[in-house]
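Residue numbering for the sequence shown follows the numbering used here, beginning at 496 and increasing consecutively. Backbone N, C-alpha and C fix where the C-beta goes; we use that ideal spot for every residue, glycine too. Just so it is clear, the structure is predicted and the values come from calculations on it, not from any experiment. Written out below as structure tokens is the structure these notes cover.
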Amino acid sequence: MLNDTFLLACKGQKTDYTPIWLMRQAGRYMAEYREIRQRYDFLTLCKTPELAVEVTLQPVNILGVDAAILFSDILIPLEPVGFDLEFSDKIGPVIHNPVRCREDLKQLKRLNPNQDIDFISKTIKLLKNELKVPLIGFSGAPFTLATYIIEGGVSKNFVNTKSILYGERDLFDDIMEYLTQLVLDYLHFQIEAGVDAIQIFDTWLGVLIPADILEIISRYINYIIDNIKNKYTLPIIYFPFNCSAIFEQIDLCNCDVLGVDWRIDIARLVGFSSSKAIQGNLDPCALFGNKRYIKDKALDIISSAKDSKGHIFNLGHGILPDTPVDNVKYLVEVVHNSKNLIKGGV
Ligand code: CP3
């Protein structure tokens, strides 16, 4: 039987306890992941269903979290549409042929998921046979993907992206429209293969000014969400990282669950948006603190979310590579026992 606590919380229904999963819960902080990674590079892990299944299951089995997230990456659909993608151990993802002009955009093809990323649906189907908790599928959001394809990798000031946004608005809009279709093709494929919820990661939206952030949400994010909602009922989580400046207007977003980072107290969000469940928001660095700190902060977050429509505990961003696994296990225990801990006051 599926433990549906996470899905109930996403829909704002009552749960016996606060569910928890962690962004980037599969990864280098775990010895079991490092062991497999010594033998295979990252892209091979993503593209080999048996390996992707094994790595997806590691945090579920080791930590006891309430949801699994497909082991893949937001950049995976970029390679088949025409990008020369590399994951470098030293500098992270690199795209060797970034988009800088209309000609570059014209070279890109439309994703053909069955042919291009068949390994994703195979991984999802294998996982669905094994998992006793829901499986989350995901995509990068159009703007976050735009920064990678325009900058060619991780960026500090996003000068190339902003040059197009502020200088060639028509080209920017066409890039965003192209990526919106890519995100939809990628998400529909994962949903058809059997994921139980989806998360849209908007890691870099917060580098923009509030007016542009709000326009991107209402124009592209809501288009994606509405398109999916027309056909499916599964929960949609939207995670606009570093966007607390616009949260007073966040009811503009049509997602079911809003993911938030540690820069805002969840209690404040309840006033802005009573229609959505909230996911978050422990600072990932809290896991480098002592156990007393971890417990206090986790319980503070749960208390501050007590009047929200639903609460899914998570970090405010991905778990960091050197995080002590013991502390992560402790966090999961504290969240699962929070009712008793808050009542008992210890
Ligand atoms: O466990 C999970 O959360 C599922 C898998 C997952 C990965 N990346 C695996 C991964 C997910 C959901 C992502 C999302 C992702 N990827 C985002 C959005 C979330 C965020 O962190 O803001 C972004 C921006 C990326 C792009 C990306 N992938 C970067 C910048 C890097 C390098 C930095 C880093 O942390 O290594 C990656 C590589 C990556 N993606 C790794 C993993 C486990 C590390 C690869 C390795 O083993 O060397």
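Would you say the stretch 590-605 touches the stretch 691-698, given that touching needs at least three Cβ pairs under 8 Å?
-> no
Closer than 7 Å: is that where the CB of His-812 sits relative to any heavy atom of the ligand ZN?
-> For the ligand ZN, the structure offers nothing, since it holds only the ligand CP3.
Comparing alpha-carbon positions, which option in Val-649, Thr-543, Thr-675, Leu-777 lies nearest Asn-722?
-> Here the question's residue 722 lines up with position 227 in the sequence shown. If we check each option's Cα against that of Asn-722, Thr-675 comes out closest.
Classify His-806 as buried or exposed, calling it buried when 16 or more other Cβ atoms lie within 10 Å of its own Cβ.
-> Taking the first residue of the sequence shown as position 1, residue 806 is located at position 311. With a 10 Å radius around the Cβ and a threshold of 16 neighbouring Cβ atoms, His-806 comes out buried.
Whose C-beta lies closer than 7 Å to the C-beta of Arg-519 among residues of the same chain, with five residues either side of it excluded?
-> Numbered from its first residue, the sequence shown carries residue 519 at position 24. Once the five neighbours on either side are set aside, the close Cβ partners of Arg-519 are Gly-813, Ile-814.
Assumed close pair Gly-689, Gly-648 - CB separation to whole angstroms, cut-off 8 Å | The residue given as residue 689 occupies position 194 in the sequence shown. The residue given as residue 648 occupies position 153 in the sequence shown. Their Cβ separation, rounded to whole angstroms, is 32 Å, which puts Gly-689 and Gly-648 out of contact at 8 Å.
Would you say the beta carbon of Gln-774 comes nearer than 7 Å to a heavy atom of the ligand CP3?
-> The residue you call residue 774 lines up with position 279 of the sequence shown. Not under cutoff, so the answer is no.
DSSP three-state call for Asp-707: helix, strand or coil?
-> Sequence index remark: in the sequence shown, residue 707 carries index 212 (1-based). Looking at Asp-707 - three-state DSSP - the assignment turns out to be helix.
Can you round the beta-carbon distance between Ile-761 and Gly-775 to whole angstroms, since I take them to be within the 8 Å contact cut?
-> The residue labelled residue 761 in the question sits at position 266 within the sequence shown. The residue labelled residue 775 in the question sits at position 280 within the sequence shown. Rounded to whole angstroms, the Cβ separation of Ile-761 and Gly-775 is 7 Å, and the two are in contact under 8 Å.
Contact belief for Glu-527 with Ile-557 at Cβ below 8 Å, rounded distance in angstroms | Your numbering for residue 527 matches position 32 in the sequence shown. Your numbering for residue 557 matches position 62 in the sequence shown. The pair is a contact, with the Cβ atoms about 7 Å apart (cut-off 8 Å).
Three-state secondary structure assigned by DSSP to Asn-776 | As a first step, residue 776 must be located in the sequence shown, where it is residue number 281. In this structure, Asn-776 counts as strand in the three-state DSSP scheme.
Using 8 Å as the Cβ pair cut-off and three pairs as the minimum, do the stretch 710-722 and the stretch 785-800 touch?
-> no
Helix or strand or just coil, what does DSSP make of Gln-520?
-> Within the sequence shown, numbered from 1, the residue matching residue 520 stands at position 25. Gln-520 falls in the coil class under three-state DSSP.
Ranges of the beta strand (DSSP E) found wholly within the stretch 655-728, counting only runs of at least 3 | 692-697
Look at the alpha carbon of Ile-515 and the alpha carbon of Lys-601, and state the distance between them as a whole number of angstroms.
-> To locate residue 515, count along the sequence shown from 1; it is residue 20. To locate residue 601, count along the sequence shown from 1; it is residue 106. Ile-515 and Lys-601: Cα-Cα distance of roughly 42 Å.
Ignore the nearest five residues each way along the sequence and tell me which others in Val-576's own chain have a CB closer than 6 Å to its CB.
-> As a position in the sequence shown, residue 576 is number 81, starting the count at 1. Hits under 6 Å: Leu-603, Lys-604, Leu-606.
N- and C-terminal bounds of the beta strand (DSSP E) containing His-806 | The residue you call residue 806 lines up with position 311 of the sequence shown. For His-806, the enclosing beta strand (DSSP E) begins and ends at 806-810.
Quick one: Cα of Asp-561 to Cα of Asp-665, how far?
-> For the purposes of this step, residue 561 is identified with residue 66 of the sequence shown, where counting begins at 1. For the purposes of this step, residue 665 is identified with residue 170 of the sequence shown, where counting begins at 1. If you take the alpha carbons of Asp-561 and Asp-665, they lie about 43 Å apart.
Counting only the same chain and skipping the five closest in sequence on each side, list residues whose C-beta sits under 8 Å from that of Asp-536.
-> Here residue 536 corresponds to residue number 41 of the sequence shown, with the count starting at 1. The residues are Phe-582.
Ile-615 - partner residues in DSSP beta bridges | Counting from one through the sequence shown, the residue named residue 615 turns up at place 120. By DSSP's assignment, Ile-615 forms no beta bridge with any residue.
State the start and end residues of the unbroken alpha helix (DSSP H) segment that holds Gly-766.
-> By one-based count along the sequence shown, residue 766 stands at place 271. Its alpha helix (DSSP H) spans residues 761-767.
Inter-residue spacing [alpha-carbon to alpha-carbon] between Ile-837 and Lys-790 = The residue you call residue 837 lines up with position 342 of the sequence shown. The residue you call residue 790 lines up with position 295 of the sequence shown. Whole-angstrom Cα-Cα distance: 10 Å.
Sorted by chain position, which residues of the same chain lie with C-beta nearer than 7 Å to Leu-792's C-beta, five sequence neighbours on each side aside?
-> The residue you call residue 792 lines up with position 297 of the sequence shown. The sequence given here places Lys at residue 792; Leu does not occur at that position. Counting only Cβ-Cβ distances below 7 Å, and skipping sequence neighbours, we find Leu-777, Ala-781.
Report, in whole angstroms, the separation of the C-beta atoms of Ile-732 and Ile-693, which I expect to be a contact under 8 Å.
-> Looking up residue 732 in the sequence shown gives position 237. Looking up residue 693 in the sequence shown gives position 198. Contact flag correct, Cβ pair sits at about 7 Å.
Round the Cβ separation of Leu-640 and Ile-569 to the nearest angstrom and send it over; I've been treating them as touching at under 8 Å.
-> Against the sequence shown, residue 640 aligns to sequence position 145. Against the sequence shown, residue 569 aligns to sequence position 74. For Leu-640 against Ile-569, the beta-carbon gap comes to about 7 Å, under 8 Å, which counts as contact.
Where Asn-809 falls, given that 16 or more other Cβ within 10 Å makes a residue buried | Residue numbering aside, residue 809 sits at position 314 when the sequence shown is read from its first letter. Classification for Asn-809: buried.
Is it the case that the CB of Phe-566 approaches a heavy atom of the ligand CP3 more closely than 7 Å?
-> Working through the sequence shown from its first residue, we reach residue 566 at position 71. True, at least one ligand heavy atom lies under 7 Å from that Cβ.
Could you check what DSSP says for Ser-567 in three-state terms: helix, strand or coil?
-> In the sequence shown, residue 567 corresponds to position 72, counting from 1. Residue state, collapsed to three classes: coil.
Could you give the distance in angstroms between the alpha-carbon of Gly-811 and the alpha-carbon of Gly-662?
-> Position 316 of the sequence shown, counted from the start, is the residue given in the question as residue 811. Position 167 of the sequence shown, counted from the start, is the residue given in the question as residue 662. C-alpha separation (whole angstroms): 33 Å.
For Asn-655, collect the residues of the same chain with a Cβ closer than 7 Å to its Cβ; drop the 5 residues on either side in sequence, then sort them by chain order.
-> In the sequence shown, residue 655 corresponds to position 160, counting from 1. Around Asn-655: Arg-595, Ile-645, Glu-646.
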